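Visitor: There's a structure below that I have some questions on.
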Amino acid sequence: MSRRLLLMFTLTGSFLLATGIAQADHETAVYLAAGPALDNTETNARDKSGTTLTPEEQKETKTDIRITAHIRKAVVKNKWLSLDAKNAKIITRNGVVTLRGPVANAAESAKLQKIATQTRGVMQVDNQLDNKAP
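Mapping of the sequence shown onto mature numbering (1 follows the signal peptide of the UniProt record, and there is no 0): residues -24 to -1, 1 to 110, in sequence order.
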């Protein structure tokens, strides 16, 4: 009886291991097939260069925090925006809002800019969103 149990555990373990390896190979193949679409090396280098604002540079004033929170809430609530648009960086410094990150298209970029522009307390919007599609 114990030999059968041991054999069953061994075969089950081998099957699970093989399945896991096949899944990992599939995910690697999908990643490699996407190629440059998933490569954000240039964006990361740009962010490290110090020439662009990053979320860490968000001002800590109550007004700037309120503005950013209001814009984020309106963006996330909008069911027509893509996940990329909902994850765009929103950085507010002294009433100036910077929008950064990828969005699906120019319409999404315009929508985010409109939401930011219509937010009380916003003095200016610097739209640096990257459109994935023309």
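Just so you know, even glycine gets a beta-carbon here, dropped at the ideal spot from N, CA and C.
Quantities reported herein were computed from a predicted structural model and do not represent experimental measurements.
To the nearest angstrom, how far is it from the Cα of R42 to the Cα of V73?
Guide: Cα to Cα, the separation comes out at about 12 Å.
Visitor: Extract the residue ranges of the alpha helix (DSSP H) inside the segment 35 to 81, only unbroken runs of 4 or more that lie entirely within it.
Guide: 38 to 53 and 59 to 62
Visitor: Using the Cβ count rule (16 or more neighbours within 10 Å means buried), how would you classify R(-22)?
Guide: exposed
Visitor: Using a 10 Å radius around the Cβ and a threshold of 16 neighbouring Cβ atoms, would you call R76 buried or exposed?
Guide: Sixteen is the threshold: when 16 or more other Cβ atoms of the shown chains lie within 10 Å of the Cβ of R76, as they do, the residue is buried.
Visitor: Can you tell me whether T95 is buried or exposed, with buried defined as 16 or more other CB within 10 angstroms of its CB?
Guide: T95 comes out buried.
Visitor: Could you name the residues that DSSP lists as bridge partners for Q104?
Guide: For Q104, which the question treats as bridged, DSSP gives the partners R76.
Visitor: Taking the alpha carbon of T68 as the point to measure from, which residue in A61, V79, N107 and T37 has its own alpha carbon closest?
Guide: T37
Visitor: Given a threshold of 16 other Cβ atoms within 10 Å of its Cβ, counted over all protein chains shown, does V52 qualify as buried or as exposed?
Guide: exposed
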